[in-house]
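Asks: When the count follows our numbering, it moves up by one through the sequence shown with no breaks and lands on 1083 for the last residue. Built from N, CA and C at the ideal position, the CB exists for glycine as well.
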Amino acid sequence: MNFCVIRLSSLGDIVLTTAFVVELKKKYPDGKIFYITKEAFIDLFKNVDFIDKVLDFKQINCLKHIKFDAIYDLQVNLRSFLISNKLKGKVYRAPKHRLYRLKVLYKSRFPFNFIKDKKQKDIIEDYLSLIGKKEGYPKLTCKKQKNKELIIGIAPFAAWKNKIWPKQNFIELIELLDVAFTKKTFFIFGSKQEEILSKDFDKLPYNIKNYTGVLSLGELVEKIGECDVFITNDSGLMHIASACNVPIVAIFGPTVKEFGFYPRTKSVIIEKRLYCRPCHLHGGNVCKEGHFRCMKDIHPQEVFLAVKSLLEESNV
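As structure tokens, then:
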């Protein structure tokens, strides 16, 4: 049997589809799975088992001769619609729940108050419903080994500005963690575009390894997998840590877990209940209220206590 999975972007969303791929392979162990994505994300699949071939969406012509038993469109946009229709086989599209997310965003105000709540808790369950599964977890292959010292991963950036906890708060948090724990190393993660922003962490007098912008996606997965705990904004790196089964402290500002995107591993989500939350489906770049309280009201001491609690639970 041949199966094709389509998810073009973004990093975190692609990581979440690994839960679907794992369960698909369990259901059809002899099936061959093809995955179509963008070229920029292909390296990520070095850390994904159960996929037989990964292709850039521009290469789909080499698949036109294959009769697929099922084509799973997990992107559900115009481009993925066109791609899936060029292939041979029945197409199944993941539910998007766009109206439900608008109901959450607009706090059940008219006219969205008439929209029914969805049964699935998150996007992973939406994917799994296509193959009659109810439970699954994102999974990336990480060579986890016992560390000689505590490794604290930090992802202080995000694609949307409103999702970024103030950098000074991360710096103060590092100071608190440095005092609390003896043998430790801080790993800083981010994209190439965030490399300049990360330079302030290099100036700190602590044991810091700054991997911002210098790792391939495959290497990034390996390094995140080494961490004993991962402190992150609501970002794609949060989902990588979750797929590597690393305990997570996630800082949520303009977005909420009710949108369907949150870590599946052992985690603590830190957020503030405010009249203006959520304010944007993806995070946004400008605080509409002008106060940015969703992030500013979260203090380093609060995050520190969550990290300390997670490490104690994990016996690290």
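Mind listing, in chain order, the continuous beta strand (DSSP E) runs of no fewer than 3 residues lying wholly within the region 1005-1041?
Replies: The region 1005-1041 contains these whole beta strand (DSSP E) runs: 1015-1018, 1034-1037.
Asks: Give the DSSP-derived three-state secondary structure of C994 in the structure shown.
Replies: For this step, residue 994 is matched to residue 227 along the sequence shown. DSSP places C994 in coil when its eight states are reduced to three.
Asks: To the nearest angstrom, report how far apart I890 and A807 are at their CA atoms.
Replies: Within the sequence shown, numbered from 1, the residue matching residue 890 stands at position 123. Within the sequence shown, numbered from 1, the residue matching residue 807 stands at position 40. Each residue's Cα considered, the two are about 22 Å apart.
Asks: Does the Cβ of A926 have 16 or more other Cβ atoms within 10 Å, making it buried, or fewer, making it exposed?
Replies: In the sequence shown, the residue the question calls residue 926 occupies position 159. Counting Cβ neighbours within 10 Å, A926 comes out buried, since at least 16 surround it.
Asks: Could you check where the beta strand (DSSP E) with I955 kicks off and where it finishes?
Replies: Position 188 of the sequence shown, counted from the start, is the residue given in the question as residue 955. First-last of the beta strand (DSSP E) with I955: 951-955.
Asks: Return the chain-ordered list of same chain residues with a C-beta closer than 7 Å to the C-beta of T785, the five sequence neighbours on each side being excluded.
Replies: As a first step, residue 785 is located in the sequence shown; it is residue number 18 there, counting from the start. These residues qualify, in order along the chain: V815, P905, K906, L907, A1010.
Asks: Three or more C-beta pairs closer than 8 Å, one from the region 993-1005 and one from the region 771-782: is that the case here?
Replies: They touch, by the three-pair rule.
Asks: Starting from the N-terminal side, write out each stretch of the alpha helix (DSSP H) that is 4 residues or longer and does not extend beyond the region 1039-1082.
Replies: For the region 1039-1082, whole alpha helix (DSSP H) runs of length 4 or above, ordered along the chain, are 1060-1063, 1067-1080.
Asks: Do K885 and H864 have their C-beta atoms within less than 9 Å of each other?
Replies: Within the sequence shown, numbered from 1, the residue matching residue 885 stands at position 118. Within the sequence shown, numbered from 1, the residue matching residue 864 stands at position 97. In this structure, H864 lies closer than 9 Å to K885 by Cβ.
Asks: Considering only the beta carbon of each residue, do Y795 and F812 sit closer than 9 Å?
Replies: In the sequence shown, the residue the question calls residue 795 occupies position 28. In the sequence shown, the residue the question calls residue 812 occupies position 45. No, these two residues do not count as a Cβ contact at 9 Å.
Asks: Which residues in the same chain have their Cβ closer than 7 Å to the Cβ of L897, if we skip the five residues on either side of it in sequence?
Replies: In the sequence shown, counting from the first residue as 1, residue 897 sits at position 130. These residues qualify, in order along the chain: Y839, Y859, A861.
Asks: Do F954 and I1007 have their C-beta atoms within less than 9 Å of each other?
Replies: Stepping through the sequence shown from its first residue, residue 954 is reached at position 187. Stepping through the sequence shown from its first residue, residue 1007 is reached at position 240. Contact flag unset, no.
Asks: Please report the straight-line C-alpha distance between V782 and K820, rounded to a whole angstrom.
Replies: Within the sequence shown, numbered from 1, the residue matching residue 782 stands at position 15. Within the sequence shown, numbered from 1, the residue matching residue 820 stands at position 53. Approximately 16 Å between the Cα atoms of the pair.
Asks: Residues in its own chain within less than 7 Å of L869 by CB, not counting five upstream and five downstream?
Replies: One-based indexing of the sequence shown puts residue 869 at position 102. Excluding residues within five positions, the ones whose Cβ falls inside 7 Å are F879.
Asks: Looking only at DSSP bridge pairs, what is G920 linked to?
Replies: Taking the sequence shown and counting its residues from 1, one reaches residue 920 at position 153. According to DSSP, G920 bridges with F954, F997.
Asks: For I833, is the beta carbon positioned less than 8 Å from some heavy atom of the ligand ADP?
Replies: Among the ligands in the structure shown, none appear at all, so the ligand ADP cannot be discussed.
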